[in-house]
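Chains V and E, in that order, give the protein sequences.
The numbering used here numbers the first residue of the first sequence as 221 and each following residue consecutively.
The numbering used here numbers the first residue of the second sequence as -3 and each following residue consecutively.
Note that CB positions come from ideal geometry on N, CA and C, so glycine has one too.
Encoded as C-alpha cells, the structure appears first; notes follow it.
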Amino acid sequence: MEYFLQQLINGLSLGAIYGLIAIGYTMVYGIIGMINFAHGEIYMIGAFVAMITYLAVGALGITWVPLALLLMLAASMMFTSVYGWTVERIAYRPLRSSPRLAPLISAIGMSIFLQNYVQLVQGARSKPLQPILPGNLTLLDGAVSVSYVRLATIVITLLLMYGFTMLISRTALGRAQRACEQDKTMAGLLGVNVDRVISLTFVLGAALAAVAGMMVMLIYGVIDFYIGFLAGVKAFTAAVLGGIGSLPGAMLGGVVIGLIEAFWAGYIGSEWKDVATFTILVLVLIFRPTGLLGRPEIEKV
Amino acid sequence: MLTVSGVHTFYGAIEALKGVDIEIGEGEIVSLIGANGAGKSTLLMTICGNPRARAGRIIFDGEDITHLPTHQLVRRGIAQSPEGRRIFPRMSVLENLQMGAIASPPKGFDRDLEEVFTLFPRLKERINQRAGTMSGGEQQMLAIGRALMSQPRLLLLDEPSLGLAPLVVKQIFQAIKDINRERKMTVFMVEQNAYHALKLAHRGYVMVTGRVTMSGTGAELLSNPEVRAAYLEGGH
C-alpha cells in the first residue's frame, strides 16, 4: 500500500510535467495542424535557462529560496517564450501555405538545430546541480516520503492548468484562440489578427514547457542538451492519448502516461518503462486515433 | 461609399474575377446575382482582402483598402456574413456574437447584443447552445447577427437565403430590410434567389463568369427579359 502510494505520487508529478509539455503540442496542432517537433527542445532550453538563472541568482548573493525559485521561473518562462516565438516566426510561418510535410521537416530541422546549439554553447556533458529544494514530507509514519519538489510540481501544475483553462475558456484572448482553431478565415474577417494569435499560441506553449523544464531540473538535479527528445516524444504521446487538439485531453494524457511509467518502473522494472509508453502510443493510434477526449470529425453544416 | 474598379482575382492560375467594377452608395441595398461559380463570393472575399485582388482598386470611404490586411477591415466598418455562414460550431451562440464584437470597444457590447436579439429573438432563446447544433436558419441568423455586432457601416451578405425554408427566407429578408431602413446600414448582398434579392434591393448587378454584365435598379433588372430568362424562370 505504501509502495503504491509512493509510486502514485511519483507518477502524478511526472504526469504533471508531461501534461505541461503536451499542452504545447496540442495547442499548436489545434491551431495550425502541425506537430511542432521542436517543442521538446523548447522544454530543454527552459531547464537550461532555469539552471543558468539559479547560478546567476546565487552569484548575486540571493539565498532566499522562494525568491530564487520565482526568479528562475520568470526567467525561464520569458526566455523560452522568446524561443517559441522565434521558432514559429522563422521556421513555420514562411511555410504556412506549403504542403503539410514542409513545416514538419522544418520542425525536425529546428529540433536538431536547437539541440546542437545548446550542446555547443553549454557543452555536451550532463550538468549536475545540488538540490535547491531538499527535504521530504513523510506520510504514514515515514512509510511514504514525498519530496517537496514533487509536491511543488503537482501544485504549480494544477494552478497553471487552472489558470490556463480559464484563459482559454473565459477571456477574449482565449475566444480568439479557439476561433482561429475552428476557422482562421472567419476569425480574420471578424478582425482577429490570426498571425498574432498563432504566435501567442507558441509563446504560451513554450512558457508552460519552461515550467516543466524547470521542475524536471529541480526533481532530478541533472540536465543535458538531450533531455528534450525523450520528454518531447512522451509528451507527444500524452497529447495523442488524450486526443490531439484537446486541451483537457493533453492534461489527462500527461497524467496517464506519468502514472503508467511510474507503476511500470515500480512493479515491473524501469528498463522497460519507455517501451510501455510507446506501446500505448501505437495502440492508441491503431484503435482510437481520436484519443480519449478527442472529438471525431463530424459536424453539422 | 464603396468603389470596386477593374478588380482581377486569381485562384492559382484560374482567373475568378476578370475586371469587376461596382459602386455602392451610402444607405443602399445592392444585390449581386449570378449563377454558381460566377465569382460572386470571390468578389465579397476580395473586398475583404482574402484572396487579395491582383489588379484593380477597392476604395472604401475615400481610402484605398485594396492592400489592407483582412483583420483591419472590420475596424474600418466592413463586416461580412460569408458563404457557408462559417459560424464557430464549437462555440456557444453568445461566444459567436462576442467574436463578432472582438474588434469593437467593449462598452457598446450589451446594447449591440440587445439589438441583435430584437432582430432575431430565436438567438436569445439559444444563447448558450453550441452553434454547430442549431438548424440552418438559426445558423444564418447567427452569422448575420455576428456581423452586426461590429456595428458595421457596410454589411456584406453572401447567400443569406441559401438552403432555408421559405418562411425563414422571408424572415431573413425582412431583417435585412429593417437593418437598412432603421439603422441606415449599407448592404451589399450576393444571392441566387434573384427574385427576392432584386425586389429588396435599390440597385442590382448581374455577374457572369467573372464579369459584371448588367446593372440597374432592382425593378429594372426584374423586368429585364434576359434576367428573367436566365435567373427567374420557374417563378420564385
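Closest by C-alpha distance to residue i, when choosing among the options
i, options, result
"M381 of chain V", "V:G250, V:F449, V:L228 and V:I243", "V:I243"
"M166 of chain V", "E:R50, E:T(-1), E:N92 and E:E19", "Beyond the ends of chain V as shown, which are 221 and 521, falls residue 166 of chain V; an answer cannot be given."
"E24 of chain E", "E:G206, E:N220 and E:E178", "E:E178"
"T246 of chain V", "V:L424, V:I443 and V:A294", "V:L424"
"I255 of chain V", "V:L290, V:I325, V:L291 and V:L228", "V:I325"
"I251 of chain V", "V:G462, V:T306 and V:S466", "V:S466"
"L115 of chain E", "E:G141, E:L217, E:D17 and E:R207", "E:G141"
"A31 of chain E", "E:A190, E:G58 and E:E11", "E:A190"
"N230 of chain V", "V:L428, V:V369 and V:L378", "V:V369"
"M292 of chain V", "V:V307, V:E308 and V:L275", "V:L275"
"N46 of chain E", "E:Q68, E:G33, E:F56 and E:A34", "E:Q68"
"M298 of chain V", "V:A426, V:L512 and V:T457", "V:A426"
"E222 of chain V", "V:Y249, V:G362 and V:T300", "V:G362"
"G206 of chain E", "E:M(-3), E:I20, E:I29 and E:L(-2)", "E:I29"
"T42 of chain E", "E:G58, E:E59, E:P102 and E:V16", "E:V16"
"S331 of chain V", "V:I265, V:S296, V:R416 and V:P348", "V:I265"
Where the beta strand (DSSP E) containing residue i begins and where it ends
i, result
"K180 of chain E", "First-last for K180 of chain E: undefined, no H or E at that position."
"I412 of chain V", "The question names Ile, yet the displayed sequence has Val at residue 412 of chain V. Premise fails: V412 of chain V is in no beta strand (DSSP E) and is neither H nor E."
"L153 of chain E", "L150 to D154"
"T62 of chain E", "Looking at the DSSP string, T62 of chain E is not in any beta strand (DSSP E), and its letter there is neither H nor E."
"T246 of chain V", "Not the beta strand (DSSP E): T246 of chain V falls in the alpha helix (DSSP H), residues E222 to I252."
"N356 of chain V", "N356 to L359"
"T(-1) of chain E", "L(-2) to Y7"
"A12 of chain E", "I10 to I20"
"S211 of chain E", "R207 to T213"
"Y201 of chain E", "R199 to V204"
"L28 of chain E", "I25 to G30"
Endpoints, the alpha helix (DSSP H) within which residue i is located
i, result
"D106 of chain E", "F105 to L115"
"S301 of chain V", "V285 to V307"
"R71 of chain E", "T66 to R72"
"G159 of chain E", "Careful: G159 of chain E lies outside any alpha helix (DSSP H) and carries neither H nor E."
"R48 of chain E", "No alpha helix (DSSP H) holds R48 of chain E; DSSP gives it neither H nor E."
"L379 of chain V", "Y368 to R390"
"L144 of chain E", "G132 to L144"
"M95 of chain E", "V89 to G96"
"L324 of chain V", "L321 to Q342"
"G474 of chain V", "L467 to Y487"
"D403 of chain V", "D403 of chain V -> no alpha helix (DSSP H), and no H or E assigned at all."
"F449 of chain V", "I447 to G462"
"I506 of chain V", "K493 to F507"
"A225 of chain E", "Per DSSP, A225 of chain E belongs to no alpha helix (DSSP H) and is neither H nor E."
"E261 of chain V", "H259 to A279"
"Y191 of chain E", "A190 to L196"
8 angstroms contact criterion, which residue i and residue j should meet: CB distance rounded
i, j, result
"A267 of chain V", "I443 of chain V", "5 angstroms"
"A193 of chain E", "S27 of chain E", "4 angstroms"
"V223 of chain E", "V202 of chain E", "6 angstroms"
"G304 of chain V", "F445 of chain V", "Contact flag wrong, Cβ pair sits at about 18 angstroms."
"L240 of chain V", "A432 of chain V", "4 angstroms"
"G260 of chain V", "F384 of chain V", "At roughly 19 angstroms, the Cβ-Cβ gap does not stay under 8 angstroms, so G260 of chain V and F384 of chain V are not in contact."
"A429 of chain V", "I262 of chain V", "5 angstroms"
"L461 of chain V", "V504 of chain V", "5 angstroms"
"R50 of chain E", "I61 of chain E", "Between I61 of chain E and R50 of chain E the Cβ distance is about 15 angstroms, and since that is not below 8 angstroms, they are no contact."
"G478 of chain V", "Y238 of chain V", "5 angstroms"
"L151 of chain E", "A161 of chain E", "Contact flag wrong, Cβ pair sits at about 23 angstroms."
"E19 of chain E", "T(-1) of chain E", "6 angstroms"
"Y312 of chain V", "P323 of chain V", "5 angstroms"
"D57 of chain E", "M130 of chain E", "Not really, about 35 angstroms apart at Cβ, beyond 8 angstroms."
"L196 of chain E", "K173 of chain E", "6 angstroms"
"N176 of chain E", "V183 of chain E", "5 angstroms"
(request) Pull out every residue of the stretch 402 to 434 of chain V whose Cβ sits closer than 8 angstroms to any Cβ of chain E, in chain order. (result) Q402, D403, T405, M406, A407, G408, L409, L410, G411, V412, N413 and V414
(message) Residues of the stretch 37 to 60 of chain E in Cβ contact with chain V at a cutoff of 8 angstroms, in chain order, please.
(response) C44 and N46
(request) Please list the residues of the stretch 274 to 297 of chain V that have a C-beta atom closer than 7 angstroms to any C-beta atom in chain E, keeping them in chain order. (result) Correct list: empty, as no residue qualifies.
(message) Whether or not the stretch 156 to 163 of chain E and the stretch 132 to 140 of chain E are in contact is what I'm after, with contact meaning three or more pairs of Cβ atoms, one per stretch, closer than 8 angstroms; do they touch?
(response) yes
(request) State whether the stretch 335 to 344 of chain V contacts the stretch 352 to 361 of chain V, with contact taken as three or more CB pairs (one from each stretch) at a distance under 8 angstroms. (result) no
(request) Say whether the stretch 450 to 464 of chain V touches the stretch 358 to 365 of chain V, bearing in mind that this needs 3 or more beta-carbon pairs closer than 8 angstroms, one atom from each stretch. (result) no
(request) Please confirm if the stretch 421 to 440 of chain V is in contact with the stretch 227 to 243 of chain V, defined as three or more CB-CB distances below 8 angstroms between the two stretches. (result) yes
(message) Please identify, using Cβ separations under 7 angstroms, the residues of the stretch 75 to 101 of chain E that lie next to chain V, in order along the chain.
(response) Q76, P78, R82, F84, P85, R86, M87, E91, Q94, M95, G96, I98 and A99
(request) Anything in the stretch 131 to 147 of chain E with a Cβ closer than 8 angstroms to a Cβ of chain V? List those residues in chain order, please. (result) R142 and S146
(message) Any contact between the stretch 66 to 82 of chain E and the stretch 110 to 126 of chain E? By contact I mean 3 or more CB pairs, one from each, below 8 angstroms.
(response) no
(request) For the stretch 409 to 420 of chain V and the stretch 84 to 101 of chain E, state whether three or more C-beta atom pairs, one from each stretch, are separated by less than 8 angstroms. (result) yes
(request) Compile a chain-ordered list of the residues in the stretch 375 to 403 of chain V whose CB is closer than 7 angstroms to at least one CB of chain E. (result) A392, R395, A396, R398, A399, Q402 and D403
(message) Pairs of beta-carbons, one from the stretch 481 to 498 of chain V and one from the stretch 388 to 408 of chain V, closer than 8 angstroms: are there three or more?
(response) no
(request) Give a yes or no on contact between the stretch 508 to 515 of chain V and the stretch 4 to 12 of chain E, applying the rule of three or more CB pairs nearer than 8 angstroms. (result) no
(message) By the 7 angstroms beta-carbon criterion, what residues does the stretch 62 to 76 of chain E contribute toward chain V?
(response) T66, H67, V70, R71 and Q76
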